[in-house]
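All remarks here apply to the structure that follows.
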Amino acid sequence: MDAENWDANVCVARVRQGDESAARALLAQLHPLVLKLVRAHRPRRTDEEDLVQIVFMKVFTKLDQFSGAVPLEHWVSRIAVNTCLKAMRYERVRPEIRLSDLTEEEEQVVQRLASTQDDLPETVDAMSRELLGRLLGMLNAEDRLVVTLLNLEQKTVAEVRQVTGWSTPLVKVRAFRARRKMKRLLEQLMNERQT
Amino acid sequence: MNPTQQPLDRLIKSAGRSRQEEETLMSFRTEARVLAHWQTLQSEPHWLELVPLLRRGLACACAAGVLLAALTFTQTKSSTPDAWTMASTVANATYTP
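So, in structure tokens, the structure goes:
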């Protein structure tokens, strides 16, 4: 079964019947999606590959519950996101962040943010991601997830609802609170640098 | 450039541009473990699928039992006092010397 002729429902039916080649095809087809989600939402101290493995084990365990009412990719996304959310809950939220916790490059990003109102140059994008990761690490699991989905992955509220199962007001309230906390943390860092 | 953008927005924008596009092939180890797990699931007896059904049946039976007990209690309470009096009289007449 090659990627072009991929039919999720047919493949799932074959996997249910015990067809190993279909199981391999399912893994190959869904791996990029699961990997992308795990990379976006995994806790900093959790191994990417371990989380991918857990997600796929859950997918196969629950495969009998897949009704075909929603696309397989959506169903798998939900499992992957919930697995990451669970892993994030185990990671202790740090109580505070100090400028001295940052690397030199991350500190430079803070400096640029404080000293200019221009967009950051592309050369510091990777460092920005690291710094953002630190700020996200200060949030609880749900807040981290909502910021990543809405702001980093540019998903709509409806898409976030679909993948998390939360209501629209809940998504909006969580996003608002999470951003407010991140703003406060970043301002703290910027003020610390100036003093 | 957008001078009204908050520092957080500028940070998110910059972080969003940085994409991790590395190898996307699944490692042999992960594939083998997932497939082994799937094969274990395949070999599990199918009667295990009945467990949730049995659990639901048990819950329904318990609920029906409670409902019946409540119904019996209500009926007993609402029965006429004469029936009790009669029964008591008969009992007294029968067993009291």
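In the order they appear, the protein sequences are chains A and B.
Take the first sequence: its position 151, counted from the start at 1, is 151 in our numbering, and no numbers get skipped.
Take the second sequence: its position 62, counted from the start at 1, is 62 in our numbering, and no numbers get skipped.
All residues carry an ideal CB built from backbone N, CA and C; glycine is no exception.
If you're wondering where the values come from, they're calculated on a predicted model, not measured in any experiment.
| Asked | Found |
| --- | --- |
| Could you name the residues of the stretch 49–78 of chain A whose beta carbon sits closer than 7 angstroms to any beta carbon of chain B, in the order they occur along the chain? | 49, 52, 53, 56, 57, 60 and 61 |
| Could you check if residue 148 of chain A is buried or exposed, using at least 16 other CB atoms within 10 Å of its CB as the buried criterion? | buried |
| Taking the alpha-carbon positions, what's the residue 53 of chain A to residue 34 of chain B distance? | 6 angstroms |
| Helix, strand or coil for residue 176 of chain B, going by three-state DSSP, please let me know. | Examination of residue 176 of chain B is not possible in this model, given that chain B is present from 1 through 97 alone. |
| Taking residue 9 of chain A as part of the alpha helix (DSSP H), name the residues at either end of that continuous run. | 8–16 |
| Determine, using beta carbons only, whether residue 7 of chain B comes closer than 8 angstroms to chain A. | yes |
| Counting only Cβ pairs nearer than 7 angstroms, list the residues of chain B close to residue 151 of chain A. | 12 |
| With distances taken between CB atoms, is the gap from residue 15 of chain A to residue 23 of chain A smaller than 8 angstroms? | yes |
| Does the beta carbon of residue 42 of chain A sit closer than 8 angstroms to a beta carbon anywhere in chain B? | no |
| Starting from residue 16 of chain B and walking both ways along the alpha helix (DSSP H), at which residues does that stretch end? | 7–17 |
| Quick check: does the Cβ of residue 165 of chain A come within less than 7 angstroms of any heavy atom belonging to the ligand NAD? | Of the ligands one can find in the structure shown there are none, so the ligand NAD has no counterpart to examine. |
| Would residue 122 of chain A count as contacting chain B if we go by Cβ distances under 8 angstroms? | yes |
| Look up residue 36 of chain B in the DSSP assignment and say whether it is helix, strand or coil. | helix |
| Compute the distance between the beta-carbons of residue 12 of chain A and residue 85 of chain A, then report whether it is under 8 angstroms. | no |
| Taking 8 angstroms as the cut-off, decide whether the C-beta atoms of residue 80 of chain A and residue 46 of chain A are in contact. | no |
| If contact is defined by three or more beta carbon pairs under 8 angstroms, each pair taking one atom from either stretch, is the stretch 97–104 of chain A in contact with the stretch 120–140 of chain A? | yes |
| Beta carbon of residue 193 of chain A, beta carbon of residue 114 of chain A: below 8 angstroms? | yes |
| In terms of residue numbering, what span does the alpha helix (DSSP H) encompassing residue 38 of chain A cover? | 20–41 |
| Any idea if residue 41 of chain A is buried or exposed, counting beta-carbon neighbours within 10 angstroms, 16 or more meaning buried? | buried |
| Helix, strand or coil, according to DSSP, for residue 70 of chain A in the structure here? | coil |
| Compare the Cα-Cα distances from residue 83 of chain A to each of A:108, A:43 and A:69 and report the closest residue. | A:43 |
| Hey, quick one: how far does the alpha helix (DSSP H) through residue 128 of chain A stretch, first residue to last? | 125–136 |
| Cα-Cα, which of A:186, A:175, A:190 and A:119 is closest to residue 134 of chain A? | A:186 |
| Would you call the CB atoms of residue 176 of chain A and residue 37 of chain B closer than 8 angstroms? | no |
| By the 10 Å Cβ neighbour count, where 16 or more other Cβ atoms means buried, how is residue 14 of chain B classified, buried or exposed? | buried |
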